[in-house]
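Peer 1: This note's numbering applies: residue 2 is where the sequence shown begins, and numbers increase by one. Take this structure, written in structure tokens, and hold onto it; I'll ask about it next.
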Amino acid sequence: TEDVDISRGDTLVAGAAPRLESSPQATLCWLDNQAQRPGAKYIIRHGSADARAMISQVDGVLDILALEFQAPEGPLSTNSISQVQLKTTKPLVMDAYRQNRITGSFILVDETSGATVAAGMLN
């Protein structure tokens with residue numbers, strides 16, 4: 002047998018190599034009472050893997066009445082649902098949420114307070 006070096010946060014798969022992403026697009030629900038701070042750094046918790054991340058772009062915010070994504074008018078606020086681009090410090094194994102709920106979901110955690118600020122689904 003062959004030795005395999007694997008540690009917390011690594012993914013072991015059979016068959017084809019999984020998709021690795023460091024700039025994924027996601028649907029994000031902002032949970033924090035504090036508005037999103039553009040350029041702020043967060044910790045992305047994706048399965049058992051952690052990495053530093055930031056929201057690099059907000060593509061749209063859901064208008065609940067029209068059920069359409071509209072251009073953002075400012076930082077994300079409590080309960081806003083948005084389409085965003087993320088940037089992570091290392092590639093993570095990611096699938097679209099529709100394909101795999103475990104590797105298609107994540108949370109964003111504030112680096113300083115440790116509070117969960119957002120939950121997301123990968124597109």
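Beta carbons: idealized from backbone N, C-alpha and C, even for Gly.
Taking 8 Å as the cut-off, decide whether the C-beta atoms of D60 and Q71 are in contact.
Peer 2: One-based indexing of the sequence shown puts residue 60 at position 59. One-based indexing of the sequence shown puts residue 71 at position 70. Going by C-beta atoms, D60 is not nearer than 8 Å to Q71.
Peer 1: Output the distance between the C-alpha atoms of G121 and Q37, rounded to the nearest integer angstrom.
Peer 2: As a position in the sequence shown, residue 121 is number 120, starting the count at 1. As a position in the sequence shown, residue 37 is number 36, starting the count at 1. Answer to the nearest angstrom: the Cα atoms are 14 Å apart.
Peer 1: Write down every uninterrupted run of the beta strand (DSSP E) in the region 22-81 whose length is 3 residues or greater and which is fully enclosed by it, in chain order.
Peer 2: Here the runs fully enclosed are 26-31, 42-47, 50-64 and 69-71.
Peer 1: Which one of I45, E22 and P25 has the shortest CA to CA distance from V110?
Peer 2: Position 109 of the sequence shown, counting from 1, holds the residue named residue 110. Ranking I45, E22 and P25 by Cα distance to V110 puts I45 first.
Peer 1: Work out the CA separation of E3 and A52 for me, nearest whole Å.
Peer 2: Sequence index remark: in the sequence shown, residue 52 carries index 51 (1-based). Sequence index remark: in the sequence shown, residue 3 carries index 2 (1-based). Approximately 28 Å between the Cα atoms of the pair.
Peer 1: When DSSP labels each residue in this structure, what does A120 get in the three-state scheme?
Peer 2: Against the sequence shown, residue 120 aligns to sequence position 119. Of the three classes helix, strand and coil, the one that applies to A120 here is strand, per DSSP.
Peer 1: Excluding the 5 residues preceding and the 5 following K42 in the sequence, name in chain order all residues of the same chain whose CB lies nearer than 8 Å to its CB.
Peer 2: Position 41 of the sequence shown, counted from the first residue, corresponds to residue 42. Around K42: R53, A54, M55 and E112.
Peer 1: How big is the Cα-Cα spacing for A50 and C30?
Peer 2: In the sequence shown, the residue the question calls residue 50 occupies position 49. In the sequence shown, the residue the question calls residue 30 occupies position 29. Cα to Cα, A50 sits roughly 20 Å from C30.
Peer 1: What first and last residue would you give for the beta strand (DSSP E) that runs through I103?
Peer 2: Counting from 1 along the sequence shown, the entry for residue 103 is found at position 102. Run containing I103: none; DSSP gives neither H nor E here.
Peer 1: In its own chain, which residues sit with a C-beta less than 6 Å from the C-beta of D96, not counting the 5 before and 5 after it?
Peer 2: Here residue 96 refers to the residue found at position 95 of the sequence shown. Excluding positions up to five away in sequence, the list reads T104 and G105.
Peer 1: Looking only at its chain, what residues have a beta carbon closer than 6 Å to the beta carbon of P73, apart from the 5 residues adjacent to it on each side?
Peer 2: In the sequence shown, residue 73 corresponds to position 72, counting from 1. Excluding positions up to five away in sequence, the list reads V59 and V62.
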